[in-house]
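Residue numbers (our numbering), protein chains in the order written: chain W, 13 to 812; chain B, 60 to 233; chain P, 37 to 264.
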Amino acid sequence: MTLLDSPKALPAAPERPKPPSRAAATLRDLGLGVRFAAAGGREGWIRTLLTAVGVGLGVALLLLASSVPHLLDERNARDQARSETRISDSPDAMAAKSDSSVVRINVATEYRDRTVAGYLMRADGSAPALPPGVDRFPAADTMVVSPALKELLSDPGNALLRERLPYEITGTIGDTGLRSPNELLYYAGSDTLTPAKGGHRIGGYGDSREGVPLPPLLIVLTVMVCVVLLVPVAIFIATAVRFGGDRRDRRLAALRLVGADIRTTRRVAAGEALFGAVLGLLIGLAFFLVGREFVGSVEIWDVSAFPADVVPDPLLALLITVAVPLTAVLVTLVAMRSVAIEPLGVVRRGKNRGRRLWWRLLVPVAGLAVLGTTGRVDEYAYEPVKPFPIAAGAVLVLVGLALLLPWLVEACVKRLRGGPVPWQLAVRRLQLSSEAASRAVSGVTVAVAGAIALQMLFAAMNADFNRATGQDPARAQFAAYSEDVTGEAATSAIEKFRATKGVEVVIGSVQAYASKPGVYTDDDIPPTTSMTVGTCDTLRELARITSCEDGDTFVVHPPGDKDMSAWVDRTARKGKVVEIGTGDGEPLRWTLPAGSPTVQGRKDPMGDVHYGIMATTGAVDASALPGAQITAQIRVDRSVPDVAEYVRNTAARIDPGMRFVTLDSVERDRQYDSIQTGLKVGASVVLLLIAASMLVSQVEQLRERKRLLSVLVAFGTRRTTMGWSVLWQTAVPVFLGLVVAVAGGLGLGAVLAWMIAKSVSDWWLFLPLTGVGAGLILLVTAASMPSLWRLMRPDGLRTE
Amino acid sequence: MSIGHTLLGLLESGPRHGYDLKRTFDEKFGQDRPLHYGQVYSTMSRLLKNGLVEVDGVESEGGPERKRYAITDAGITDVSQWLAQPEKPEPYLQSMLYTKVVLALLTDRSAADLLDTQRSAHLRMMRILTDRKRKGDLADQLICDHALFHLEADLRWLELTAARLDQLAKVVAP
Amino acid sequence: MIPEGSLLAAHDLRKTYGSTPALDGASFSVHPGEVVAVMGPSGSGKSTLLHCLAGIITPDSGTITYAGRELSAMSDAERSALRRSEFGFVFQFGQLVPELTCVENVALPLRLNGVRRKAAERTALEWMERLEVDDLGSKRPGEVSGGQGQRVAVARALAGSPKVIFADEPTGALDSLNGERVMELLTEAARSANVAVVLVTHEARVAAYSDRDVTVRDGRARDLEHSA
């Protein structure tokens, strides 16, 4: 119109702007998408924010994971710095005495399920070497403690620990000397410690040798933990990018109406996804930085980390920064392939084309094949473990399961018919569009399958370990050992344990060695066996003795071991002399009474079989035995609170360097336990993330059906009917997802167990995880009820 | 169109000369078809005879004699009855309906009621036609449909007018 | 107050949304088997009146009596049960459950009343035959035309053997031929089954299928035939 108004413009044809170059068009469309994402009104913002928060949570987890290498390095470095400077590969080699050398003994203890690390130290000269973080050598009967231990000790509720560590606190250990902010550590000074009393002389701190490489099994485990936790996170990010996709498609259809071509709509969608992902990256970074500050207060793997040590690996961080937006765009474009955005609306494509099974099956099978060809990892083999094929195989299996799920859901749901109204509504809904449901559930599947496989792996390793120990905690709950004490000290130690509060029975014996006297050349080994002295009650716990009186002696054979029995008999010749005691001291010569009966040994509460010579206290004066060792197995009244701490305190009073063991029928490997805990926490966080995404899509779907819900209310539909239908709608895919997860997880677990040459110990480990899955269904359903309730009002009927 | 009722209605606001009546009528309703004097006087004589109006006074200053007419109580009742009575629904009603609406507005009667009554009458007619259509053959159906569409057009006009009554009132009786 | 022999009657209903009055003293009644058109301009409150009458929303004041029972004295669950068993509904659009097939949609009210699936679907098919859409049984609502969908909706409203059908602009989204066919089938079926119909519409030719019409203006219902 303006052209007509101006006569000058008339002759020339109105000049049209040249179509922009491809790159310019791409940029313009991406920018348009960003504008849509950023300025789409309140609803647009909510959608963008949901995506961004979802992506952000995933990114934060990824950044945390990428910090693990640096974290481990730092921990290792801290560890190395406070280890003694090695002078040879033999752990027994002691440093030469010098002005700076220190004699120390490890006096770590346990307090209410926490480890308190500690060393008792004595300086040889005037300039003793100081461990990192300590600026003054602790004088005798004083100690420097970590801040966490200081806090623990200052709490009056921990008087029992204070009693065990009676040293005066003269300082705190700085961060450089600690593995983690929560570490409990102390260095105490002593003026009586000598190498003869178990002390070890060191020349200084700082182990310059390369850190001990992780054991092969641990590498497999670590790789698996990373894969199992990160694959679902990746899937979650992919799901988060598609939040609100339907509404977006409708908006793009409106763009088509005003003349945008398909390529433009794709670029606009890519721009939207890009904006959400980049915003997610920023949010993720913020989450990570904030979360890092709390790392110090969280304990996983029995340790926590210094926030300053949680630094992402730069390469991995770069990878995340590039990969996340790229994934977002790719996922969006792939998702749009199945949808035709026409000017007048959105048409779903490929409805009739059923999902193909074969290539979906191919992926997990290929994964298993990769794992199979990687070969077995032997605990003792020194061949380096190849982490990448293991990771690749596991990723293929897990991703394959995620791919298998949509096919399975579709195939199963297609066959479902009839049933009550809520079931019918849910099933029909899934038949019409099962993609959204499968998409969210595939995260559950992968997380649960991975966790099952990992648990099987742990259990297989653990079970192998457990089978060797045959401890019986009904007979005793604690055992204490003290070496290089005189027989006199040994008997008094046993008395002290007996006098401790809560102790019922002490199976206390003094053990020494007995050998056949004679002169032996270097190549000749003198027949030797053990000599155990204790009360009749004690001896009955160690051997199958029918009658016992003080003064009796016995020859004890290990049951079912003829070789060893013969060896025992060569030393323990009835009526002949044996020499008791080894090493430098003068051996005690003692005659084994001729009438000593031969009996069978039995397992003690620790699961050890005892044999050799056993004598009651009346037959041998235990206090005169040279080179004796105390073994005290202690049964307590478990109802006495803190009974373990009382017993430990007694042990510390007797000898701070005493070995003290807590018995359990399943020996609790603390590391195994903490890995289990870490896995459970990780899996729970991942499942919660997935629950959140399921909830978002569920509520979104409900909101889109606002009008329909109102109509159903008008019909007099009960809310419970709709509630059940929402439940089924979640439950059916999650159930199928769990079936796939259990099958896949068991398969992967079995292969992994085979790889580490262990047998599967427990096929039922998946039960608790499936329980968590069921909880997920309830959680999502319960959390979507308020929206359902709110939407099931007649307001939706008002069109005016 | 009932000129008698219209003139009666105009008299309700006060006594007028015949000439005044014609001018007011032309102004409000007869833009394209002005009234003849003869029509006015013959109508007025009939109304006089029926006792609906009375002569209020006669003036003759330098010209023909001019009667001033005033409405009687019977006249007011007659106007009310006429306004309340819906017209037979038939095509091309609007000029009559329009007159009625304006008169109702001028005389402070409820124009909305008038319109509603008319709508009801139209609907009744439509109902009859719809019924006939349902029972009849195709020819009946087509004929009924023709009538129905026209009635529907009237109805729409009635609704539109009802929605614009306030506006109309301002124009007609400022 | 309650007209003699009426099945459903409302007296002096008032309902306010926020500060906007939607109903301002509306009264209404319908007899068994009677088709009543509720007319009025947009925003006059005719849909609100229908929702109140059907017990979908509760008026701020006024009484609604159905078959001698007072609706405002009923709990939400009781009113839901009443809607399930005694009322049927037809709306303008978006009323068929998209994932269910047509026959399942028609069977839905019966199933909500606890009728077994087989029996419900048999009854549903009979009604669909009556509304000339029995060939659409296994199709989904997305695969049928607007007029067919609306007929399926009418079949659904009738399938539960209700006493009253509430129809809110049932032909609003249809062309005149389809709209008239739907009205013809609806009123015929309703009359033969002695079902009362409350028909909200702004179209005169749709209202012409009624026995009587009520106009709602500014939240008040005017029932000319009864008051005149």
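All residues carry an ideal CB built from backbone N, CA and C; glycine is no exception.
Item, Value
"Residues near leucine 800 (chain W) by beta carbon distance below 8 Å, same chain, minus five either side", "Leu714, Leu721, Arg731, Met734, Gly735, Val738"
"Local Cβ density within 10 Å of valine 589 (chain W), reported as buried at 16 or more and exposed below that", "exposed"
"Residue closest to glycine 77 (chain B), alpha-carbon to alpha-carbon, out of B:His95, B:Ser61, B:Leu156", "B:His95"
"CA-to-CA distance, alanine 250 (chain W) to threonine 339 (chain W), given in whole angstroms", "7 Å"
"7 Å Cβ cut-off: residues of chain B touching glutamate 220 (chain P)", "Arg193"
"Closest by C-alpha distance to proline 538 (chain W), when choosing among W:Ile592, W:Val545, W:Thr503, W:Thr550", "W:Ile592"
"Straight-line Cα distance separating threonine 204 (chain W) from serine 7 (chain W)", "Limits of chain W in this structure are 13 at one end and 812 at the other, which puts residue 7 (chain W) out of reach."
"Close-in-space but distant-in-sequence residues of the same chain around valine 235 (chain W) (CB under 7 Å, 5 per side omitted)", "Pro399, Ile402, Ala403"
"Beta-carbon spacing of serine 65 (chain P), leucine 86 (chain P) below 9 Å", "no"
"Minimum Cβ-Cβ distance from leucine 809 (chain W) to chain P less than 9 Å", "yes"
"As assigned by DSSP and simplified to three states, the class of valine 652 (chain W)", "coil"
"Chain P within 9 Å of glutamate 218 (chain B), Cβ atoms only", "yes"
"The ligand SAM heavy atom lying under 8 Å from the CB of tyrosine 198 (chain W)", "Summarising the ligand content, the structure contains no ligands, and the ligand SAM is consequently not present."
"Start and end residues, alpha helix (DSSP H) containing glycine 183 (chain P)", "182 to 195"
"Members of the region 436 to 450 of chain W near chain P, C-beta cut-off 8 Å", "Gln436, Leu437, Arg440, Arg441, Gln443, Leu444"
"C-alpha distance - valine 611 (chain W) paired with serine 542 (chain W), whole-angstrom precision", "15 Å"
"Inter-residue spacing [alpha-carbon to alpha-carbon] between methionine 767 (chain W) and methionine 473 (chain W)", "12 Å"
"Partner residues on chain W for serine 116 (chain P), Cβ-Cβ distance less than 7 Å", "Gly728, Arg730"
"Glutamate 239 (chain P) at chain W interface by Cβ criterion, 9 Å", "no"
"Arginine 279 (chain W) to glutamine 467 (chain W) span [Cα, whole Å]", "44 Å"
"Chain B contact for serine 174 (chain P) (CB, 9 Å cutoff)", "no"
"Whole-angstrom distance between arginine 388 (chain W) and glycine 462 (chain W), CA atom to CA atom", "20 Å"
"Segment limits, beta strand (DSSP E) that includes serine 97 (chain P)", "97 to 102"
"is_contact[arginine 166 (chain P), chain B] using C-beta, thresh 9 Å", "no"
"Reference histidine 212 (chain W); option with closest CA among W:Met133, W:Gln641, W:Val334, W:Val784", "W:Met133"
"Touch test, the region 422 to 442 of chain W against the region 771 to 785 of chain W, Cβ-Cβ under 8 Å, three pairs minimum", "no"
"Rounded C-alpha distance that separates glycine 134 (chain B) from tryptophan 141 (chain B)", "11 Å"
"Candidates W:Lys586, W:Glu598, W:Val518, W:Lys615, of which the one nearest proline 571 (chain W) by Cα", "W:Lys615"
"Distance between proline 324 (chain W) and leucine 39 (chain W) (C-alpha atoms, nearest Å)", "32 Å"
"With 16 other Cβ atoms within 10 Å as the buried cut-off, status of aspartate 259 (chain P)", "buried"
"Asparagine 141 (chain P) burial status per 10 Å Cβ neighbour count (16 or more: buried)", "buried"
"Glutamate 168 (chain P), DSSP secondary structure in three states", "coil"
"6 Å Cβ shell around arginine 671 (chain W) - same chain, five flanking residues per side excluded", "Tyr493"
"Reduced DSSP category for proline 599 (chain W) - H, G, I as helix; E, B as strand; rest coil", "coil"
"Near-chain P residues of the region 148 to 177 of chain B (beta-carbon distance less than 8 Å), N- to C-terminal order", "Ala171, Asp175, Thr176"
"Reduced DSSP secondary structure (H/G/I, E/B, other) of glutamate 113 (chain B)", "strand"
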